[in-house]
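Numbering (this note's numbering), first residue to last: 1 to 308. Built from N, CA and C at the ideal position, the CB exists for glycine as well. Since the structure is predicted, the reported quantities are computational estimates derived from the model, not experimental observations. Notes to accompany the following structure.
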Ligand code: UDP
Ligand code: MG
């Protein structure tokens with residue numbers, strides 16, 4: 001059986017077409033299938049549309065969360081409930097074309113256990129968000145311990161063996177595309193052209209996307225902490241050299257008072273800034289430690305339709 005997991009947050013405009021296209025693609029794969037729509041606290045008629053779809057086709061299932069938990073927790077909830085021997089993840093705004101599913105399944109049948117859908121191009125790369133999207137992966141590869149993370153979002157397929165290991169990961173601040181690379185197994189990718197969302201506004205706020213990007217970088221590396229250390233050494237070394245220069249000049253009888261108020265003030269602000277930034281980096285890690293320590297569940301299920 002194939003399971004498709006789709007997070008939904010206020011996607012009433014996209015759902016009818018999404019349901020039609022996903023079902024059609026899964027029908028082609030000559031296997032039993034299920035689609036798990038994870039309703040992440042939608043406030044429009046998304047839930048009703050999914051319920052009606054379930055009444056007409058029981059392979060379409062609903063997992064309703066008790067409120068809006070966010071993209072990654074919603075997907076995780078869906079993966080936890082998926083029964084298939086392969087699990088396919090895709091977004092609910094038709095940015096990930098369901099027509100690619102047969103290609104993912106074909107790779108899986110060739111023996112690959114992780115098939116990632118890599119973006120050959122993307123239509124949503126305008127404006128600030130788009131700039132962030134384009135900069136994100138090059139930056140991630142530099143900062144994190146995922147040097148070959150492909151330019152792939154959640155869209156892709158995981159074999160049951162991989163899903164079982166995924167379900168053992170306890171962390172709260174998660175970046176699923178990174179975890180998927182980290183899990184290993186036999187991985188491959190197929191390429192596609194990422195569309196713009198079919199209808200409606202993006203449901204992830206810029207703030208959420210920034211948090212997501214930070215999760216991605218910080219949860220796969222402690223390198224930023226080391227940068228802070230090196231920055232400290234560099235500043236201290238610079239200070240030491242300057243001190244020697246002044247002492248020598250004083251001994252040679254040269255008046256050292258060449259530095260005025262403006263220079264001092266600029267240096268003070270500059271160093272203060274560097275210190276605050278390094279404290280900030282430290283804080284990002286400590287905040288995440290705190291989140292993990294609280295051990296709160298990642299999501300809360302309010303209702304299951306067609307699922308046990
Ligand atoms: N989504 C969700 N919970 C949220 C935000 C988004 O389940 O809090 C869903 C949304 O309905 C969509 C998918 O996650 O199906 C991707 O969201 P969006 O298109 O807004 O993100 P982007 O494509 O801008 O990364
Ligand atoms: Mg989208």
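Residue 93 has its Cβ nearer than 7 Å to a heavy atom of ligand 2. Secondary structure at residue 185: coil, using DSSP grouped into helix, strand and coil. Cβ-Cβ separation between residue 63 and residue 77: approximately 6 Å, consistent with a contact (criterion under 8 Å). Around the beta carbon of residue 121, fewer than 16 other beta carbons sit within 10 angstroms, so the residue counts as exposed. Counting along the chain, no beta strand (DSSP E) covers residue 264; the unbroken alpha helix (DSSP H) around it starts and ends at 261–294. Restricting attention to 162, 178 and 101, the CA atom closest to the CA of residue 137 is found in 178. According to the DSSP assignment, residue 62 belongs to the beta strand (DSSP E) that extends over 60–65. Beta-carbon to beta-carbon, residue 218 and residue 224 are separated by about 7 Å, close enough to satisfy the 8 Å threshold. Between residue 128 and the set 205, 56, 100 and 38, the nearest pair of CA atoms involves 205.
Nearest neighbour of residue 287 by Cα position, chosen from 214, 88, 272 and 251, turns out to be 214. When DSSP states are grouped into helix, strand and coil, residue 69 belongs to the coil group.
The beta strand (DSSP E) runs lying completely inside the segment 164–220 and spanning 3 residues or more are 187–194, given in chain order.
Looking only at 197, 22, 105 and 184, the smallest Cα-Cα distance to residue 85 is reached by 105. For ligand 2, no non-hydrogen atom lies closer than 7 Å to the CB of residue 59.
Within the same chain, Cβ atoms closer than 7 Å to the Cβ of residue 81 are found at 36, 63 and 307, the five residues on either side in sequence being excluded.
The continuous alpha helix (DSSP H) containing residue 27 extends over residues 15–27. Residue 197 has its alpha-carbon roughly 51 Å from the corresponding atom of residue 237. Residue 113 and residue 190 have their C-alpha atoms roughly 13 Å apart. Taking C-beta atoms under 8 Å as the contact rule, residue 88 and residue 23 fail to qualify, at a distance of about 13 Å. By the Cβ criterion, the segment 91–100 is in contact with the segment 18–33, since at least three pairs of Cβ atoms, one from each stretch, lie closer than 8 Å. Residue 153 sits away from residue 115, with the two beta carbons spaced by 8 Å or more. Not one heavy atom of ligand 1 falls within 7 Å of the beta-carbon of residue 177.
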